[in-house]
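One structure is given below, encoded as structure tokens.
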Ligand SMILES: [Zn+2]
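Residue numbers (this note's numbering): 8 to 433.
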């Protein structure tokens, strides 16, 4: 049997995990299409090649490039404040967008329904929610609800005082409305009063053109032509270090590679590391990768282990995407390694594992701080997603658990892998 306890010991002694994490944060927020993203890819490629002595395969990923030139909001008092254009937001018209603002609170379907005939020609204002929570309504559902009811703009207010919030509008190509993240203070200034809805002016300038990034693959073959895919996304948001989301996952993947590189050749299945980008662009990098696999190739992938936001809380959760039969294995490996793990079964289409799951490949996302509003992961998508929210011990724990799960999946009997695959409950 492989020396998996050696892998854990090596990870616990690994000092490069923390220096890698800091170096990835030093690259900046890594918004796709920026120099910051390019620096991160160069760093990750060099570090993964040094760990494995394997040359990366670089797969081109075309996508709809987008950048915001500026974004600001004029409050009813006449004061201009900065806001954060959501990814792929439409630009405002040249003369700015001035309209009344309908505050929909959290922005639930009930709130949208109750204000259905007031939204046409106005700006919808909703609240950002903790992303890693069972009842969360994703930003893109709120954006679409606003769009469908004829709103001319979309504002989403973050929970952290003084901080705007980032994220994707969810718009692909084509029609859409200007959309921006604002601070809670700006949202308070847009309150409805006895005089009526507040009036705001939104100014967003953007640039759109076809762009290209890449997916990096590192293959460590095992005895068979089957694989366990260990993935993490490289891209993030400007205005922060994107430290939890997802320098944490990237640094953990590098550490797992260092600890396992020499052992995988003795495993039943190989390890394929996939570093995706444009994850924040509707999971585009992983969508193209999974779509490029034939049915036969998909069957050779036993499991996708996706690390996204694995620091920012000591509490780890596996989002098992409906693959119920995976859960006993994950819990057993966690217990053997002294890690407390929770499993949550519904499919969350909030990271790259979703594309594997939707193609029938067993897949889960490891995430820290799920369902805990007090965890530091509440800062994800704000300018305070910075390295000081993450502890070295959290990254080590995530790396130890990930490596143990990957090793277990690499060596699992074929019958077990068949069971994982068959038991998806949508
Ligand atoms: Zn992420």
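Backbone N, C-alpha and C define an ideal beta-carbon position, used for all residues, glycine too.
This structure is a prediction, so every number in the text was calculated from the model and none was measured.
Using a threshold of 6 Å, is the CB atom of residue 392 nearer than that to any non-hydrogen atom of ligand 1?
-> Checking the Cβ of residue 392 against ligand 1 gives no.
Got a sec, what are the start and stop residues for the beta strand (DSSP E) residue 272 sits in?
-> For residue 272, there is no enclosing beta strand (DSSP E), since its DSSP letter is neither H nor E.
Between which two residues does the alpha helix (DSSP H) containing residue 119 stretch?
-> From DSSP, the alpha helix (DSSP H) with residue 119 extends over 116-121.
Looking at residue 244 and residue 171, is the spacing between their C-beta atoms short of 7 Å?
-> No, Cβ-Cβ distance for residue 171 and residue 244 is not below 7 Å.
Taking residue 423 as part of the beta strand (DSSP E), name the residues at either end of that continuous run.
-> If you look at residue 423, you'll find it isn't in any beta strand (DSSP E); it sits in the alpha helix (DSSP H) that goes 421-429.
Heavy atoms of ligand 1 versus C-beta positions, residues under 5 Å = Those residues placing their Cβ nearer than 5 Å to any heavy atom of ligand 1 are, following chain order, 252, 253 and 315.
If you count every other CB in all the chains shown that lies within 10 Å of the CB of residue 342, and 16 or more means buried, which is it?
-> Residue 342 comes out exposed.
By DSSP, does residue 139 sit in helix, in strand, or in coil?
-> Coil, per DSSP.
To the nearest angstrom, report how far apart residue 251 and residue 203 are at their CA atoms.
-> So the alpha carbons of these two residues sit roughly 41 Å apart.
Classify residue 76 as buried or exposed, calling it buried when 16 or more other Cβ atoms lie within 10 Å of its own Cβ.
-> It is exposed - the Cβ of residue 76 has fewer than 16 other Cβ atoms within 10 Å.
If you follow the alpha helix (DSSP H) that residue 191 is part of, which residue opens it and which one closes it?
-> Note, residue 191: alpha helix (DSSP H), 191-196.
In the DSSP assignment, find the unbroken beta strand (DSSP E) run with residue 240 in it and report its ends.
-> Unbroken beta strand (DSSP E) run through residue 240: 234-240.
Please go through the stretch 364-394 and give each complete beta strand (DSSP E) segment of 3 or more residues, from N-terminal end onward.
-> Uninterrupted beta strand (DSSP E) stretches at least 3 residues long and entirely within the stretch 364-394 occur at 370-375, given in chain order.
Residue interval of the beta strand (DSSP E) (run including residue 161) = Boundaries of the beta strand (DSSP E) harbouring residue 161: 160-164, taken from the DSSP string.
Whether residue 265 touches residue 231 by CB criterion (7 Å) = Against a cut-off of 7 Å, the Cβ pair of residue 231 and residue 265 comes out as no contact.
Assumed close pair residue 96, residue 176 - CB separation to whole angstroms, cut-off 8 Å | Sure, about 5 Å apart at Cβ, within 8 Å.
Proximity below 7 Å, CB of residue 151 to CB of residue 133 | With a cutoff of 7 Å on beta-carbon distance, residue 151 and residue 133 are scored as not near each other.
Looking only at C-alpha atoms, which of 301, 136 and 123 sits nearest to residue 385?
-> Minimum Cα distance to residue 385 is reached at 136.
Local conformation of residue 184 per DSSP, three classes = Coil at residue 184, not helix or strand.
Taking one C-beta from the stretch 207-220 and one from the stretch 68-82 each time, how about it: are there three or more such pairs within less than 8 Å?
-> The answer is yes - the stretch 68-82 touches the stretch 207-220, with three or more Cβ pairs under 8 Å.
By Cβ distance below 7 Å, which residues in the same chain neighbour residue 412 in space, the five residues on each side in sequence not counted?
-> Only residues of its own chain outside the window of five on either side were considered, and among them 312, 337 and 340 have a CB closer than 7 Å to the CB of residue 412, listed in chain order.
In whole angstroms, what separates the C-alpha of residue 120 from that of residue 20?
-> Distance between the alpha carbons of residue 120 and residue 20: 55 Å.
Could you have a look at residue 414 and say whether DSSP puts it in helix, strand or coil?
-> Three-state DSSP puts residue 414 in a helix.
What does a CB cutoff of less than 7 Å around residue 56 pick up in its chain, not counting 5 residues either side in sequence?
-> Around residue 56: 62 and 63.
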